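K.L.:
Numbering (full-length UniProt numbering), first residue to last: 1 to 248. In this text, a Cβ means the ideal position worked out from N, Cα and C, and glycines have one as well. Since the structure is predicted, the reported quantities are computational estimates derived from the model, not experimental observations. The following block contains the structure, expressed as structure tokens.
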Amino acid sequence: MARRILLINPVGVDIFDQLTVDLVRPDLREDTEVVCRSLDGVPRTPHLASPAEFHNQLITMVAGAAAEGFDAVGVSCCGDPALSACKSVSSIPVTAPFEAVCAAARSLGPFAVLRRTLPPAFAATMPTQRNGHWMRHLVRSYGVAPDDVTFRTVPVVSHPSPAEVADLAVRDPDLLREKVLAAMAEAATGPGLKQTLAAAEEDGAAAVFFACTFWGGLLGPVREQSPVPVLDPLTVVAKYTEYLATIV
1 MARRILLINP
11 VGVDIFDQLT
21 VDLVRPDLRE
31 DTEVVCRSLD
41 GVPRTPHLAS
51 PAEFHNQLIT
61 MVAGAAAEGF
71 DAVGVSCCGD
81 PALSACKSVS
91 SIPVTAPFEA
101 VCAAARSLGP
111 FAVLRRTLPP
121 AFAATMPTQR
131 NGHWMRHLVR
141 SYGVAPDDVT
151 FRTVPVVSHP
161 SPAEVADLAV
171 RDPDLLREKV
181 LAAMAEAATG
191 PGLKQTLAAA
201 EEDGAAAVFF
211 ACTFWGGLLG
221 PVREQSPVPV
231 LDPLTVVAKY
241 TEYLATIV
């Protein structure tokens, strides 16, 4: 039976929506319909804002998904924002990347999480950039034992500044997408590859998870040189959302 899944980019620009569909489509069943949407009424940036600025809009979109004929929802952000609240208002399954990778990791063994770190100026507006404690809390909440996961950081040094992001989000969103993805690709093949190899060799990781959905589709060069599986965050959440849609 065909299934419909909704992926939500919980940000205020739609520049990644079609790209998300194009990237995950080949990894899903032919009879699965996938739709991706961003949010209205939230700050026009490609990054997760503070909870007060997106929570209600995200909850509203999730709550209405079943009535639109969707069978499951994936929140396409590695912060798993408001996931518990989303589940509480939905009559269909709702998931997010960290929950999805923690479910998959049980069959892979110990894994490493590579956290994106942006320039310090972003910490003022992005709570997830202030430290990595929230990631440790997430994996614990999903039942992953401390000995089964390690954390490493990947600096994205050439990322557009907050001022440039704000400007391009309004003036030239396509250029903003190009700049963000170029910076993410550079980080993946540079420090990301270095941390992948270190995670496998020093941490004993059986898999590596790049914890930002903006790395979706950019990890091929890392995968080619890695001795362990490299988990694409967009593929992970899309496939797990599809799986949940097929078992209810």
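How is the beta strand (DSSP E) around PRO26 delimited, first residue to last?
P.N.:
No beta strand (DSSP E) contains PRO26, which DSSP labels as neither H nor E.
K.L.:
Whole beta strand (DSSP E) runs in the segment 55–96 with 3 or more residues, listed along the chain?
P.N.:
Those beta strand (DSSP E) runs which fall completely within the segment 55–96 and span 3+ residues are 72–75.
K.L.:
Do you know offhand how far ALA49's Cα is from MET126's?
P.N.:
Going by the C-alpha atoms only, they are around 6 Å apart.
K.L.:
Here's a check: name, in chain order, each residue in its chain whose Cβ is nearer than 6 Å to the Cβ of ALA96, leaving out the five neighbours to either side.
P.N.:
The answer, listed in chain order, is VAL75, ASP80 and LEU83.
K.L.:
What distance in whole Å lies between the Cβ atoms of LEU234 and ALA23, which are believed to be in contact at a cut-off of 8 Å?
P.N.:
Position check: residue 23 holds Leu in this sequence, whereas Ala was assumed. Going by Cβ atoms, the distance from LEU23 to LEU234 rounds to 5 Å, so yes, they are a contact pair.
K.L.:
Could you compute how far the alpha carbon of VAL13 sits from the alpha carbon of GLY216?
P.N.:
Answer to the nearest angstrom: the Cα atoms are 17 Å apart.
K.L.:
Tell me the rounded alpha-carbon separation between ALA200 and ALA63.
P.N.:
Their Cα atoms are separated by approximately 40 Å.
K.L.:
Out of GLY190, VAL113 and ARG152, which has the shortest C-alpha to C-alpha gap to CYS102?
P.N.:
With distances taken between Cα atoms, CYS102 lies closest to VAL113.
K.L.:
Just to confirm the assignment, what range does the beta strand (DSSP E) spanning VAL228 have?
P.N.:
Here VAL228 belongs to no beta strand (DSSP E), and DSSP marks it neither H nor E.
K.L.:
Taking ASN9 and SER38 to be in contact with their CB atoms under 8 Å, please state how far apart those CB atoms are, rounded to whole angstroms.
P.N.:
Their Cβ separation, rounded to whole angstroms, is 4 Å, which keeps ASN9 and SER38 in contact under 8 Å.
K.L.:
Using a Cβ-Cβ cut-off of 8 Å (strictly less than) and excluding sequence neighbours within five positions of VAL248, which residues of its own chain qualify?
P.N.:
Same-chain partners within the cutoff: ASP71, ALA72, ILE92 and PRO93.
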